[in-house]
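Numbering (this note's numbering), first residue to last: 1 to 130. I have placed the structure first, in the form of structure tokens, so that the comments after it can refer back to it.
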Amino acid sequence: MLKRLKNNKSGMTLLEILIAIFILSVGILSILLFISSAMILSTGAWEMTVATTHAESILEEMQTKKTLGEITLADWNDWAQKQEFSTLPKESFIVTFPSGGKNPLDVQVLVNWVQNERWQNIVLRTKITR
């Protein structure tokens, strides 16, 4: 008596395996791209936080001056360099006084830096009275 061998087709074909590998690789690639984008955005947020902190430090130092004249005559870019604020790529500071020297003194602190080969900037504005 010969037993008949049943044709068992419960395995996977080569095409099914290739499709599964393709879907899995697309998923893994998407996750890697997401992680890469998150790291780039995180770096940008960190740089903006550093620039904001530097501008705030300049404004805080202005508060220590007794007169508006001391504020307007100071070289704030030089002060920032002495404080070693140039931690961002090509970071520079521009302080302007749109109101001239009148009380209340309008103050604008502009911080420029390079991020991913593009210039970025942040501006903080305030009024100081004496």
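Cβ atoms here follow ideal geometry from the backbone N, Cα and C, with glycine treated the same way.
Segment limits, alpha helix (DSSP H) that includes residue i
i: S86; result: Careful: S86 lies outside any alpha helix (DSSP H) and carries neither H nor E.
Where the beta strand (DSSP E) through residue i begins and ends
i: T72; result: From DSSP, T72 is part of no beta strand (DSSP E) but of the alpha helix (DSSP H) over L68 to L73.
i: T53; result: It is not in any beta strand (DSSP E) - T53 instead sits in the alpha helix (DSSP H) that spans L14 to Q63.
i: N112; result: L105 to Q115
Neighbourhood of residue i by C-beta, 7 Å cutoff - its chain only, sequence neighbours within 5 removed
i: T43; result: none
Close-in-space but distant-in-sequence residues of the same chain around residue i (CB under 8 Å, 5 per side omitted)
i: I128; result: M62, Q63, L68, I71, P104, L105 and V107
i: P89; result: W113, V114 and Q115
Where residue i falls, given that 16 or more other Cβ within 10 Å makes a residue buried
i: F93; result: buried
i: L29; result: exposed
Is the segment 109-117 in contact with the segment 37-55, if contact means three or more CB pairs nearer than 8 Å?
yes
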